[in-house]
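Before any comments, here is the structure.
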Amino acid sequence: MTASAYITGLGSHLPGPPIANDEVADILGGTDRVTARLRASIQQANGIRTRHYAMDTEGRTTALNEELAAHALRAALADRGLGPEDLGMLACATTQGDLLVPGFASMVHGRLGGGPMQLLTAQGVCASSIAALDAAVAKVRLGDHARAAVVGSELSSRWLHERRFTGTAGRGDAHFLRWMLSDGAGAAVVEFQPRRDAPSLRVDWVRLVSHAHEQPVCMRAGLAGPVAEAGRTWQDQEDLAAAERAGMLQIRQDTAMLPRLTEMGLAEFERLVDHGLVDLRRLDHVICHYSTHAFRDLVFDALAARIPGLDESRWYSNLATRGNTGAAPTAADPDDLAARLAEVWSEVEEQLAQVPILLALEAGEVEIEDYLRLLRNLRQQVVDGSRWIALAASGFDMDHFELRSAAMHHAVEEHRDHLMLEHDYVAVGGSREELRAGRPNIGTQALTVYMFHQAGRPNPVACLGAMVIIEGLGAQKALGWAERFQEVLGLADAQVHFMRYHHDADAEHTGALDAILSSDRLDAAAHDEIVSCARVVARLYALQLTELDRC
């Protein structure tokens, strides 16, 4: 009898808030006319609406690849109710780890902890995560280990920032992946038997096929051209600066090869059907990895021609909301909370694009009084924010203890933020007494009433949706607003300290919030409440910014 292996736990980690298409250049750079035209064309074709980067708007990396992997692994282990010490094997996949040596798995193990375990590093872009899964499944089936964990993790943004693209404005092979790839990690726990308290997925087979013997290199980094030759790789250059000048430290893809590779992939899938490994009559869910929506119709048209009765609705991809994370298998249920919140964030972007003061700020037409009005109108929301968070914390029962603790900690961190705002207000010539005497505008009043109502309910998980929006705005928008006010009005850092502080603080908060949102304490009903609250808060926050002087 053949031994079995089961996927018993799943986890993922996406750094920071979702980044919309028009925000990508804020992170990666590339606002010159030629690059912007390439970016628009590639984004239109790939169908990606939002993605995630472990990088801030100043081009600084905010996490290590090994940290992304460890976050996803902890989420998968928590899903299963295990710890790192329960593992016998750790298989890690990535395109490029943080270091040249040692292997990626060694660094992830050091970050994750646990006891002695077998390690495997699989490297090779998209297919490497399946190679890691294959190895873990094989060792569990052999009986070498009762449990193994697999993780695929990517931190592509370091390869994609404009500082690596000097002099490449017209080179499509260098820019194609720049607007495709993003950061994230996905993990799974593999065991020799199914879990008793939740569904498990039995792994019946894994197939990996290489055609490197007959095809040239498609995706590459470390070469100036498509062919490897002794003495002409990045390691053979005089120094790293020379390798970078030669374009060897850019990750590239020969896009002309993609239709041919797609055809080969389709042929392999057809062989699986012919061999009886895939039964289309019983196929009810397919998690499909394709790099761009430009190939989706090509794939389905070809499959439908070869395989009558193909039901496209059963093929799922989260490319639109997660981006192309390469080796990181961050696919989730179509009703996934993160994907739904990403849709709400897209709505936020549309609403902010209509706010008069932000339009004036972008156009460089604001004055000091505009900045003062903004601070006046934000103050009451900031004061009330820590109060409703504290109220929400008191409403969580012991079954939601981790949410209670997180809310209490957050309330403590937030309760003095209004003092920073007051300092900035006075620093640009405003009166503290005038500021404190101000009344909230229509939007602020509506937001406050709504949030105290939500926070006063038993186990107010909906408030997490509000935090997604408010913290996301701080992490993603505050620094840009601060810098633009400084540029237009000549303000010093000390006069925009409130916004600058929230860029860093809220980025940290969103990371903690991601972990909470992936908690198994949140069921489908909780997800609905969170998304609903996020959508309402997004509209009320935009209303608050629109109605600045209507008190």
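For the sequence shown, the working numbering assigns the number 3 to the initial residue and increments by one for each residue that follows.
All C-beta atoms, glycine included, are put in the ideal place defined by N, C-alpha and C.
Given the structure is predicted, the values throughout are model-derived calculations rather than measurements.
Around the Cβ of residue i, are there at least 16 other Cβ atoms within 10 angstroms (buried) or fewer (exposed)?
| i | result |
| --- | --- |
| D276 | exposed |
| M400 | exposed |
| W390 | buried |
| V211 | exposed |
| Q217 | exposed |
| L547 | buried |
| L282 | exposed |
| D136 | buried |
| G172 | Residue placement at G172 is flagged as unreliable, the pLDDT there being 46, under the threshold of 50; the coordinate-derived value follows with that caveat. So G172 ends up on the exposed side. |
| L33 | Sequence inspection shows Thr at residue 33; the Leu mentioned does not correspond to that position. Answer is exposed; the Cβ neighbour count stays below 16. |
| I289 | exposed |
| S103 | Note that residue 103 is Val in the sequence shown, not Ser. It is exposed - the Cβ of V103 has fewer than 16 other Cβ atoms within 10 Å. |
| P336 | Low per-residue confidence applies at P336: pLDDT is 43, beneath 50, and the placement is therefore not dependable, though the value from the model is reported in the following sentence. By the 10 Å Cβ count, P336 comes out exposed. |
| A536 | buried |
| L89 | buried |
| V26 | buried |
| L361 | exposed |
| L203 | exposed |
| P442 | buried |
| G99 | buried |
| G492 | exposed |
Anyone know if the C-beta pair for residue i and residue j falls short of 7 Å?
| i | j | result |
| --- | --- | --- |
| L40 | H177 | yes |
| A107 | L84 | no |
| N23 | Q45 | yes |
| T2 | Q356 | Because residue 2 is not part of the residues shown, which for the chain are 3 to 553, the question remains open. |
| T235 | G227 | no |
| L144 | W207 | no |
| Q252 | R166 | yes |
| M422 | H505 | no |
| A344 | T323 | yes |
| V539 | I444 | no |
| A429 | Q497 | yes |
| G366 | V219 | no |
| H291 | R316 | no |
| T191 | A71 | Strictly speaking, residue 191 in this sequence is Val, with Thr absent from that position. Not closer than 7 Å, so no. |
| M561 | A150 | With the chain covering 3 to 553 only, the question about residue 561 has no answer from this structure. |
| A527 | M501 | no |
| G325 | I29 | no |
| A457 | L524 | no |
| G2 | E416 | Summary: the structure shown does not reach residue 2, with the chain confined to residues 3 through 553, and so no result is reported for it. |
| I532 | L475 | no |
| M453 | L515 | no |
| L550 | R375 | yes |
| R378 | L449 | no |
| H213 | M266 | yes |
| Q239 | A232 | no |
| R591 | A413 | The displayed coordinates of the chain run from 3 to 553. Any statement about residue 591 would go beyond what the structure contains. |
| V110 | C94 | yes |
| E272 | R308 | yes |
| N48 | M182 | yes |
Since residue i and residue j should fall inside the 8 Å C-beta cutoff, what is the C-beta to C-beta distance between them, to a whole number of angstroms?
| i | j | result |
| --- | --- | --- |
| R113 | E60 | R113 to E60, Cβ: 25 Å. No contact. |
| A134 | A148 | Rounded, the Cβ-Cβ distance is 18 Å, inconsistent with contact. |
| L339 | L75 | Actually they are not in contact, since the Cβ atoms of L339 and L75 sit about 20 Å apart, beyond 8 Å. |
| P86 | G116 | 3 Å |
| D81 | G154 | About 16 Å; that fails the 8 Å criterion. |
| V139 | A7 | 4 Å |
| L260 | F297 | 7 Å |
| S131 | A330 | 7 Å |
| T52 | P20 | 4 Å |
| T264 | L300 | 6 Å |
| L179 | R247 | About 20 Å; that fails the 8 Å criterion. |
| V385 | H420 | 5 Å |
| L363 | R486 | 5 Å |
Beta-carbon of residue i versus every beta-carbon of chain B: anything under 7 Å?
| i | result |
| --- | --- |
| T59 | Absent from the structure: chain B. Only one protein chain is present. |
>> Counting beta carbon pairs with one atom in the region 152 to 161 and one in the region 50 to 59, are three or more of them shorter than 8 Å?
In response: yes
>> Give the list of continuous alpha helix (DSSP H) stretches no shorter than 4 residues that lie fully inside the region 429 to 507.
In response: 434 to 439, 444 to 457, 465 to 491
> Within the chosen definition, does the region 14 to 29 reach the region 181 to 188 through at least 3 CB pairs nearer than 8 Å?
Replying inline: yes
>> Extract the residue ranges of the beta strand (DSSP E) inside the region 30 to 109, only unbroken runs of 3 or more that lie entirely within it.
In response: 91 to 96
> Of all the alpha helix (DSSP H) runs that stay within the bounds of the region 242 to 289, which reach a length of 4 or more residues?
Replying inline: 242 to 247, 260 to 276
>> I'd like to know if the region 459 to 469 and the region 396 to 414 are in contact, where contact means that at least 3 CB-CB pairs between them fall below 8 Å.
In response: yes
>> If we require 3 or more residues per run, which beta strand (DSSP E) segments fall completely within the region 342 to 382?
In response: none
>> Going residue by residue through the region 156 to 225, where are the continuous alpha helix (DSSP H) segments of at least 4 residues, counting only ones entirely within it?
In response: 159 to 162, 174 to 177
> Taking the runs of the alpha helix (DSSP H) that are 4 residues or longer, which of them lie wholly in the region 292 to 327?
Replying inline: 298 to 308, 321 to 324
>> For a minimum of 4 consecutive residues, which ranges assigned as the alpha helix (DSSP H) are wholly contained in the region 109 to 163?
In response: 130 to 144, 159 to 162
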